[in-house]
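K.L.:
One structure, pasted below without further comment.
Put into structure tokens, the structure is as follows:
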């Protein structure tokens, strides 16, 4: 088993934190090896943000990703850049309020992460909604493992809010999955 | 210019946060390209933590690090594993209260980051002290750029404490540098 995950959006959406949490959930709290990378080019200064995670039950040689198995997209700019680079059978999750896409052959799950987070009180937790959706749709790591990694990564007084956002995202993810089956 | 930086220690020391901040300081707030990686193997479950950053004024092809130009070590386990893998002319910064080393030919700067952080009120900001020392000793990115990246990465109410820790680390770093010149 080897999965390459790319998360992308713009600065301030917590893309990097989300990547760190995915890496930790897979390694520290599940039984995988993981490599998690942020690459910053000139586009970072334009506000773009990208985080990549490789999860494997074997040792990981090369830490870079070419085409993703799982692509999570939270901004139009990120979609324009990475939307067409995922593998043929990839799982794609987008926030449809942030990304307008042309429908192609690929299966795309829509989770209104920013809206859901905003309804919960703060759109900065849209990343946690997306992590919930990611687990609900792909089962890439156990739900508990991701929750543990979130606990490690957010300030104590925000744990409740973040867990709530994660749970909402999970619910929406599972619903989207059922819709498309 | 291309610099490979490895930060290592144990979980809870904020090694990953420190790596993210270095990457951001170089890319978003300076004019470099940067790739920043966390690799988690089985040792992550033993509490080890490692973060690597490549900074370059050209595009970065391979995102992995073999031997570091700059090595920051905050635990004995990390030293035992990575202490001997840096480049011949590397800059090594350790917390001497956490790492007992055998003196070899290499130039090693000692910054009591954990002690300094503890004196400031909380040893969890030892990573910020280390970032200050890193900038003071190596000048790898401008001081302002690192400060901006720290601002982005810590909760608002802790900004003052973190900046203070960074400033103390910077001072100690500069002092260490002068001592060894």
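Protein chains in written order, with my numbering: chain A, 1 to 181; chain B, 1 to 181.
Yeah, the Cβ is synthetic: ideal placement off N, Cα and C, and Gly gets one too.
Please read these numbers as outputs of a predicted model, since none were measured by experiment.
Can you check the segment 69 to 145 of chain A for any beta strand (DSSP E) of at least 3 residues that lies completely inside it and give the ranges in chain order?
P.N.:
Those beta strand (DSSP E) runs which fall completely within the segment 69 to 145 of chain A and span 3+ residues are 70 to 73, 91 to 94 and 108 to 110.
K.L.:
Tell me whether the beta-carbon of residue 68 of chain A lies closer than 9 angstroms to the beta-carbon of residue 55 of chain A.
P.N.:
Between residue 68 of chain A and residue 55 of chain A, the gap from beta carbon to beta carbon reaches 9 angstroms or more.
K.L.:
Does the segment 123 to 142 of chain B touch the segment 161 to 181 of chain B, meaning 3 or more C-beta pairs lie closer than 8 angstroms?
P.N.:
yes
K.L.:
Between which residues of its own chain and residue 182 of chain B is the CB-CB distance below 6 angstroms, once the five residues before and five after are set aside?
P.N.:
Any question about residue 182 of chain B goes unanswered here, given that chain B covers just 1 to 181.
K.L.:
Out of A/161, A/50, A/98 and A/128, point me to the one whose CA is closest to residue 143 of chain A's CA.
P.N.:
The residue with the shortest Cα to Cα distance from residue 143 of chain A is A/128.
K.L.:
Roughly how many angstroms separate the alpha carbons of residue 95 of chain A and residue 4 of chain A, rounded to a whole number?
P.N.:
In this structure, the CA atom of residue 95 of chain A is about 20 angstroms from the CA atom of residue 4 of chain A.
K.L.:
DSSP puts residue 166 of chain B in a beta bridge; with which residues?
P.N.:
Looking at the DSSP assignment, residue 166 of chain B forms no beta bridge with any residue, so it has no partner.
K.L.:
Using the three-state DSSP reduction, which class does residue 147 of chain B fall into: helix, strand or coil?
P.N.:
helix
K.L.:
Is there a Cβ of chain B sitting closer than 9 angstroms to that of residue 165 of chain A, yes or no?
P.N.:
For residue 165 of chain A, the nearest beta carbon of chain B is not closer than 9 angstroms to its own beta carbon.
K.L.:
According to the neighbour-count rule (16 or more other Cβ atoms, all chains shown, within 10 Å of its Cβ), is residue 83 of chain B buried or exposed?
P.N.:
buried
K.L.:
Do we get a CB-CB distance below 9 angstroms when we pair residue 85 of chain B with the residues of chain A?
P.N.:
no
K.L.:
What residues from the segment 30 to 42 of chain A come within 9 angstroms of chain B, judged by C-beta to C-beta, listed N to C?
P.N.:
31, 32, 33, 34, 35, 36, 37, 38, 39, 40, 41 and 42
K.L.:
What residues of chain A sit near residue 27 of chain B, judged by a beta carbon separation below 8 angstroms?
P.N.:
40, 41, 44 and 45
K.L.:
Going by Cα to Cα distance, which pick from B/20, B/2, B/6 and B/7 is closest to residue 154 of chain B?
P.N.:
B/20
K.L.:
Cα separation between residue 118 of chain A and residue 93 of chain A?
P.N.:
19 angstroms
K.L.:
Going by the CB atoms, is the gap between residue 66 of chain A and residue 91 of chain A shorter than 9 angstroms?
P.N.:
no
K.L.:
Taking Cβ-Cβ distances shorter than 9 angstroms, what residues in chain B pair up with residue 136 of chain A?
P.N.:
Listed along chain B is no residue with a C-beta nearer than 9 angstroms to that of residue 136 of chain A; the closest approach is about 23 angstroms.
K.L.:
What are the boundary residues of the beta strand (DSSP E) that includes residue 56 of chain B?
P.N.:
Where residue 56 of chain B is concerned, the enclosing beta strand (DSSP E) starts and stops at 48 to 56.
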